[in-house]
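Written out below as structure tokens is the structure these notes cover.
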Amino acid sequence: MSGGALQTQGLTRRFGTFTAVDKVSLSVAEGARHALIGPNGAGKTTFVNLLSGAIPASAGSVALLGEDVTAAPQHARVRRGLARTFQVNQLFAELSPREAVVLAVSERAGAGGTWWRPVSSMPALRGEADALLDLVRFPIAGRDGRTGALAYGRQRLLEIALALAMKPRVLLLDEPAAGVPPAESREVLEAVSALPRDVAVLLIEHDMDLVFRFAERITVLAQGAVLADGEPNAIARDPRVKEAYLGTMEVGVGEVGHG
Amino acid sequence: MRVLLHALPWLAAIAAYFLMPEQLPLLSSIAIAALFTVSLDLIVGYAGVVTLGQAAFFGAGAYTAGLLAQNGWGEPLSGLLAAAAVATVLGLITAPLVLRSGALAGLMVTLGLGLMLYEAANKAAPITGGADGLQGVEVWPVLGVFRFDLYGQTAYLYSLAVLFILFWLAKLIVASPYGLSLRGINGNPRRAPALGVPVKARLTAAYALAAAYAGVAGALLAQTTAFVSLDALSFQRSADGLLMLVLGGLGSLYGALIGAAAFTLAHHALSEASPIFWQFWLGIALIALALFGRGGLMGLLRKLLPRGAGS
Amino acid sequence: MAAAITVLLDGVASGMLLFVLSVGLSVTLGLMNVVNLAHGAFGMVGGYVCVVLLSRAGVPFVPSLAAATLAAAALGWVLERLLYVRLYGRDHLDQVLFSIGLVFVMGAVADWLMGARQQLIQLPEWLSGRVEIGGIGLGRYRIFLILLCGVVAAGLHFGLVRTRFGARLRAAVDDGVVARGMGLPVGRIFSLTFALGSGLAGLGGALGVEVLGLDPNFPLKYLVYFLVVVAVGGANSVIGPFVAAILLGVLDVAGKYWVPQVGAFVIYTAMVVLLLARPDGLLAKARS
Numbered sequence: 241m242s243g244g245a246l247q248t249q250g251l252t253r254r255f256g257t258f259t260a261v262d263k264v265s266l267s268v269a270e271g272a273r274h275a276l277i278g279p280n281g282a283g284k285t286t287f288v289n290l291l292s293g294a295i296p297a298s299a300g301s302v303a304l305l306g307e308d309v310t311a312a313p314q315h316a317r318v319r320r321g322l323a324r325t326f327q328v329n330q331l332f333a334e335l336s337p338r339e340a341v342v343l344a345v346s347e348r349a350g351a352g353g354t355w356w357r358p359v360s361s362m363p364a365l366r367g368e369a370d371a372l373l374d375l376v377r378f379p380i381a382g383r384d385g386r387t388g389a390l391a392y393g394r395q396r397l398l399e400i401a402l403a404l405a406m407k408p409r410v411l412l413l414d415e416p417a418a419g420v421p422p423a424e425s426r427e428v429l430e431a432v433s434a435l436p437r438d439v440a441v442l443l444i445e446h447d448m449d450l451v452f453r454f455a456e457r458i459t460v461l462a463q464g465a466v467l468a469d470g471e472p473n474a475i476a477r478d479p480r481v482k483e484a485y486l487g488t489m490e491v492g493v494g495e496v497g498h499g
Numbered sequence: 003m004r005v006l007l008h009a010l011p012w013l014a015a016i017a018a019y020f021l022m023p024e025q026l027p028l029l030s031s032i033a034i035a036a037l038f039t040v041s042l043d044l045i046v047g048y049a050g051v052v053t054l055g056q057a058a059f060f061g062a063g064a065y066t067a068g069l070l071a072q073n074g075w076g077e078p079l080s081g082l083l084a085a086a087a088v089a090t091v092l093g094l095i096t097a098p099l100v101l102r103s104g105a106l107a108g109l110m111v112t113l114g115l116g117l118m119l120y121e122a123a124n125k126a127a128p129i130t131g132g133a134d135g136l137q138g139v140e141v142w143p144v145l146g147v148f149r150f151d152l153y154g155q156t157a158y159l160y161s162l163a164v165l166f167i168l169f170w171l172a173k174l175i176v177a178s179p180y181g182l183s184l185r186g187i188n189g190n191p192r193r194a195p196a197l198g199v200p201v202k203a204r205l206t207a208a209y210a211l212a213a214a215y216a217g218v219a220g221a222l223l224a225q226t227t228a229f230v231s232l233d234a235l236s237f238q239r240s241a242d243g244l245l246m247l248v249l250g251g252l253g254s255l256y257g258a259l260i261g262a263a264a265f266t267l268a269h270h271a272l273s274e275a276s277p278i279f280w281q282f283w284l285g286i287a288l289i290a291l292a293l294f295g296r297g298g299l300m301g302l303l304r305k306l307l308p309r310g311a312g313s
Numbered sequence: 003m004a005a006a007i008t009v010l011l012d013g014v015a016s017g018m019l020l021f022v023l024s025v026g027l028s029v030t031l032g033l034m035n036v037v038n039l040a041h042g043a044f045g046m047v048g049g050y051v052c053v054v055l056l057s058r059a060g061v062p063f064v065p066s067l068a069a070a071t072l073a074a075a076a077l078g079w080v081l082e083r084l085l086y087v088r089l090y091g092r093d094h095l096d097q098v099l100f101s102i103g104l105v106f107v108m109g110a111v112a113d114w115l116m117g118a119r120q121q122l123i124q125l126p127e128w129l130s131g132r133v134e135i136g137g138i139g140l141g142r143y144r145i146f147l148i149l150l151c152g153v154v155a156a157g158l159h160f161g162l163v164r165t166r167f168g169a170r171l172r173a174a175v176d177d178g179v180v181a182r183g184m185g186l187p188v189g190r191i192f193s194l195t196f197a198l199g200s201g202l203a204g205l206g207g208a209l210g211v212e213v214l215g216l217d218p219n220f221p222l223k224y225l226v227y228f229l230v231v232v233a234v235g236g237a238n239s240v241i242g243p244f245v246a247a248i249l250l251g252v253l254d255v256a257g258k259y260w261v262p263q264v265g266a267f268v269i270y271t272a273m274v275v276l277l278l279a280r281p282d283g284l285l286a287k288a289r290s
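Chains as they are written, first to last, in the working numbering: chain H, 241 to 499; chain Z, 3 to 313; chain B, 3 to 290.
This is how it looks when you write it as structure tokens:
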């Protein structure tokens, strides 16, 4: 396989006798819009944790931009261009959204150790932070309030802005729409669609509406292994996929936009 | 309006100098307590590392300055620097021990280290004077000009000047990207590394910085009273500091000033009646603050003052 | 040789005492994840109740011990229901402030009622003096301590492993959320356990008047000892804290006997070293 943005070879994770992720080989191309779907318990979350380095792999390898990072810790992968959002919000409740993004930007820019000048005297940090919040269409009015008081959908937007502040080449979006009330989910969808094209995105999602609108390629995981991999149309027609989801979810091109 | 608010505590401190000439030693002790509370605010309020042993650094600074002056080097400013240096080194040595394990074990390590140092000073009586305290501390005039007088005029203005400078340095630090990263770590220690924040290094620096501040506060006490006792290292001092901090309001440097002033004045008034009486009400205050919120006096003030003032 | 045996016996006796005093704290810390620096105050209360009954009211020693235990348990139960229950799940700083405040208040009250001086008690005849065993003089009270505390420890171990309450308690320790989901009255289990731990501390305080002394400073003076027992021993068994307490007792007595110039330094050093060497066990559980 040639050097994609993110590649796994036979990636496996066992917990005791239970194999959560079973020899998964996946390739995310540069600038891809790739989605990873699968019924509950298919091993999606474990797989993301293996990719980001939150947990070590039992076997197999992970390559990021052609370099083997199987043994690299989380923050080293972040530095090499892999960023992720979290499924459950992991934000800074007491900081304002703007402060949180400024923090992320200043750390990426290597300014995090600067103690001798106030943030307010560093307009570049604030400018970049605002640009990122603009990119995810975070409303200007809410940028200085408490993050803890934000609506759930807004917190998801901030979550994406924080990941983008890392200037990633590969972005893992772990269920960005999960738990977002329908009224706010359009905001999240728009933010995801507006992601820069030079960033490869791997979307892990339950919301089929979002997946089929967004993805140009879909990988289906079932019982820890790859069940199918291909273009959205082919996946939607694949009988094995239908079977895997049978009774749990309706999958079909015809339903896109209504699901 | 905002400039006036920022100037207010300092104007009050200078006014107190003229209005209460008999109470200058009390005012000095407020300034020193305020600096100690600022040190606790940096590590507890901003960085979120709870410590029960901050007195270790206060005492280390006090003994450093006291021993220097006792042994023939009474120059006060270099004494402060030496105290800061010793406390910083002590902070850097102990930080990995405190930060290594979980929050709870770290908390107990701070307690254990504080008690260890107290006991060491107690047993090292030939050097520290043990329970009798360090006698014969002779401090030279500040800048070679201002002699420490009987009324405590020099002592107060000297303490106030040091507090003023270090307070504004602390203001600068908490407003910097570094200060922001501390608040981020405090808010969500698990998420911060995912943004590339080197948590251990940042907290170690904060711990050492707070240690240096506490060391300078201790040195001020040694120099202005020409005496160091084991009290400087006591658990009581660490606990008092935490109370001043929460009384004023956690994570607000002005709160540290207000809390220290309120605490010291209350202590002065109540313990004159009876030390037991003081201890009782101190305990009640701690319980009430723990159960009913952290804003402290600063939280109250914020509700009364215009938005954005004094954070 | 004789000195070594005396030191060992004294050490084991004070270790047993420490165990009874501290075991409740390992529950508060491990089960409820509450940094309770006021644990020793319940020991102090037990001590004073015993002193007052024994010396002023003329009640015999054993009933005085029982009354001390019950009084401390009752106080623990009331404080848990009224105050501690509000601190579950709060952060450590609140718990630290609260419990230091409680120590100050209880110390001030003790000082006001009983004065700042060390309290003394007159042990009954049958517990005073020494017995000769194999040519070595052993204090009767030390032997009594070892036997009584041994029975308490065995009872606790048995209770935790064999009884229904023990099983529920262990379930609540392991996972409070799951235990609640299974319909266990976790709140009631907490209250009862807190009261039991406080009562045992009261018993320890009463037994300890003769060995550890008693004054309003008691809760802070021995705080480090309690914390070491908990930190080293862990929360999920009785055996862990028991072994830790015995080791600590022997180390402390031996240190004071052979290297008095170093004094309490030994214990504080041991605490820090042990905390660093073994930050898991209880503390790993309580960390989250």
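Every residue, glycine too, gets a C-beta built ideally from N, C-alpha and C.
Residue range 132-135 is occupied by the beta strand (DSSP E) that includes Glu-134 (chain B).
Scanning its chain for C-beta atoms nearer than 6 Å, with the 5 sequence neighbours on each side dropped, one finds around His-274 (chain H) the residues Val-268, Leu-442, Arg-457, in chain order. Close CB contacts of Glu-427 (chain H) within its chain, under the 6 Å cut and outside five residues either way in sequence, are with Gly-393 (chain order). His-269 (chain Z) counts as buried, since at least 16 other C-beta atoms from the protein chains shown sit within 10 angstroms of its C-beta. Contact annotation: Ala-297 (chain H) and Thr-354 (chain H) have beta-carbon atoms that are not nearer than 8 Å. Comparing C-alpha distances from Asp-308 (chain H) to each of H:Ala-245, H:Ala-364, H:Phe-258 shows the shortest one belongs to H:Ala-245. Asp-308 (chain H) carries a strand assignment under DSSP once its states are collapsed to helix, strand and coil. Excluding five sequence positions before and after Ala-43 (chain B), the CB atoms of its chain that fall closer than 7 Å to its own CB belong to Leu-104, Val-105, Met-108, Pro-221, given in chain order. When 7 Å is used as the limit between beta carbons, Ile-167 (chain Z) is near no residue of chain H, the shortest such separation being about 15 Å. Listed in chain order, the alpha helix (DSSP H) elements of length 4 or more contained wholly in the stretch 273-323 of chain H are 284-292, 314-319.
The continuous beta strand (DSSP E) containing Ile-138 (chain B) extends over residues 138-141.
Judged by DSSP secondary structure, Phe-267 (chain B) falls outside any beta strand (DSSP E) and instead within the alpha helix (DSSP H) spanning 267-279.
Counted as a single uninterrupted DSSP element, the beta strand (DSSP E) harbouring Thr-248 (chain H) occupies residues 246-255. Taking each of B:Ala-5, B:Leu-67, B:Ala-155, B:Asp-96 in turn and checking the Cα distance to Gly-242 (chain B), the smallest one comes out for B:Ala-155. C-alpha of Cys-52 (chain B) to C-alpha of Ala-157 (chain Z): approximately 50 Å in a straight line. Under the three-state reduction of DSSP, Phe-258 (chain H) is assigned to strand. DSSP places Ile-286 (chain Z) inside the alpha helix (DSSP H), whose first and last residues are 277-293. As DSSP reads the structure, Arg-457 (chain H) sits in a beta bridge with H:His-274. Partner residues in the beta bridge of Ser-267 (chain H), as assigned by DSSP, are H:Gln-247.
Z:Leu-302 is the residue among Z:Leu-222, Z:Ser-231, Z:Phe-282, Z:Leu-302 whose C-alpha sits nearest the C-alpha of Leu-252 (chain Z). For the stretch 384-468 of chain H, the continuous alpha helix (DSSP H) assignments of 4+ residues that do not extend past its boundaries occur at 392-404, 422-433, 448-454, in sequence order.
Under the DSSP assignment, Phe-237 (chain Z) falls in the alpha helix (DSSP H) whose first and last residues are 237-250. Measuring C-alpha to C-alpha distances from Tyr-180 (chain Z) to each of Z:Leu-267, Z:Trp-170, Z:Leu-54, Z:Ala-207 identifies Z:Ala-207 as the nearest. Interface annotation for the stretch 193-211 of chain Z against chain H: Arg-193, Ala-194, Pro-195, Ala-196, Leu-197, Gly-198, Val-199, Pro-200, Ala-203, Arg-204, Ala-207, Leu-211, criterion Cβ-Cβ distance under 9 Å. Put simply, of B:Ala-59, B:Gly-13, B:Met-116, B:Ala-70 the residue whose alpha carbon is nearest the alpha carbon of Ala-197 (chain B) is B:Ala-70. Ranked by how close their Cα comes to the Cα of Ser-301 (chain H), the residues H:Leu-375, H:Leu-266, H:Ala-316 have H:Leu-266 in first place.
Runs of alpha helix (DSSP H) with 4 or more residues, each lying fully within the stretch 66-107 of chain B, are absent. Closer than 8 Å to the CB of Pro-179 (chain Z) there is at least one CB belonging to chain H. Spatial neighbours of Val-88 (chain Z) in its own chain (CB-CB distance under 6 Å, excluding positions within 5 residues in sequence) are listed in chain order as Ala-62, Thr-66. By the Cβ rule, the stretch 225-235 of chain Z counts as touching the stretch 51-62 of chain Z, because three or more pairs are nearer than 8 Å.
Counting only Cβ-Cβ distances below 7 Å, Asn-73 (chain Z) has no contacts in chain H at all, with the closest Cβ about 34 Å away. Scanning chain Z for C-beta atoms nearer than 9 Å to the C-beta of Leu-229 (chain B) yields Met-110, Leu-113, Gly-114, reported in chain order. The beta carbon of Val-420 (chain H) sits closer than 7 Å to those of Tyr-392, Gly-393, Arg-396, Val-428, all from its chain and outside the five residues before and after it, given in chain order. With a 10 Å radius around the Cβ and a threshold of 16 neighbouring Cβ atoms, His-41 (chain B) comes out buried. Across the structure, Gly-261 (chain Z) and Ser-130 (chain B) are spaced so that their CA atoms are roughly 52 Å apart.
In the structure shown, Phe-148 (chain Z) falls within a strand segment according to DSSP collapsed to helix, strand and coil.
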